[in-house]
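Going by my numbering, the final residue of the sequence shown carries number 215, and the count climbs one at a time with no gaps. Here is the structure we will look at, set down as structure tokens.
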Amino acid sequence: MGAQASVSKGLIIRNPIEAAIRLSRQMTTQEMAGDSPAEREITAGMLSRIDRIKSGLLPIERGLLQAIRSRKSAAEKKAKQLKSLNKLGQYALFSLEPLTWRNKQGFPRLAVFSLKSPNSEFAVVDSRDWDSRRRWRQKVDPKLPRDVLKCYKDVLQNLSAIAKKTKKTARGSARNSRCSSHQT
32 MGAQASVSKG
42 LIIRNPIEAA
52 IRLSRQMTTQ
62 EMAGDSPAER
72 EITAGMLSRI
82 DRIKSGLLPI
92 ERGLLQAIRS
102 RKSAAEKKAK
112 QLKSLNKLGQ
122 YALFSLEPLT
132 WRNKQGFPRL
142 AVFSLKSPNS
152 EFAVVDSRDW
162 DSRRRWRQKV
172 DPKLPRDVLK
182 CYKDVLQNLS
192 AIAKKTKKTA
202 RGSARNSRCS
212 SHQT
């Protein structure tokens, strides 16, 4: 909630995407685990030591060549990972807080979409067991990571209450940038 103080309520209502972007920030070095100048220097030093050892091998020590190549490959991979992590600092780290913003009806102001589908749906679906007992199953599409799904827990609870009250499936969906909610 503390981060929301820097974003006005009016902006959240008018343009939630812009408000969410304003809450983003640059990654810190601690968040880019292992990406420190010291570690990069150590890795670079290890690569140069491996090259020196390799060039200074005696003919009888050629049996160690495979182990040296393996160590060098691991050190090169580590150097490449560190270089990639260094590039991560140029990207914004988004807060999950905007995913908790709701409209007057209690539905999300921002929905998560996947690359595979332009739809986002939350539903509580009615199904019957073999003994004709009603079962309520929650459905979220696209499949969301646990931390993101926690942001929508209240939406699923509201849909569950609606579904149990009306004894019908309840859905909240967003398609093609238009939010809609309906019951079937």
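We put the beta carbon where it would ideally sit given N, CA and C, even for glycine.
Euclidean distance between Cα positions of residue i and residue j
i    : j    : result
D172 : S104 : 41 angstroms
Q35  : D82  : The pLDDT assigned to Q35 is 41, lower than 50, so where the model puts this residue is not dependable, and the model offers no usable value.
M32  : P176 : Caution is warranted here: a pLDDT of 41 is assigned to M32, below 50, making its placement in the model unreliable, and the coordinate value is therefore given only provisionally. Distance between the alpha carbons of M32 and P176: 21 angstroms.
A201 : N134 : 17 angstroms
A192 : P129 : 24 angstroms
A51  : T131 : 11 angstroms
L88  : S79  : 15 angstroms
C210 : K147 : Model confidence at C210 stands at a pLDDT of 44, short of 50, so the residue's coordinates are unreliable; what they give is reported in the following sentence. Cα-Cα distance, rounded: 19 angstroms.
Per-residue DSSP class, three states only, for residue i
i    : result
D185 : helix
D157 : strand
R140 : coil
G41  : helix
K170 : strand
G87  : coil
R164 : coil
Residue i and residue j closer than 8 angstroms at C-beta
i    : j    : result
L127 : V186 : no
K166 : D160 : Checking the sequence shown, residue 166 turns out to be Arg, not Lys. In contact: R166 and D160 (Cβ atoms closer than 8 angstroms).
F144 : L190 : no
K174 : V156 : no
S55  : F125 : yes
P149 : R206 : yes
Contact set for residue i: own chain, Cβ-Cβ below 8 angstroms, skip 5 residues either direction
i    : result
G137 : D185, V186 and N189
Nonlocal neighbours in the same chain, by C-beta distance under 6 angstroms from residue i, ignoring five residues either side
i    : result
K109 : T74
Residue i at chain B interface by Cβ criterion, 8 angstroms
i   : result
L95 : Looking for chain B here will not work: only one protein chain is present.
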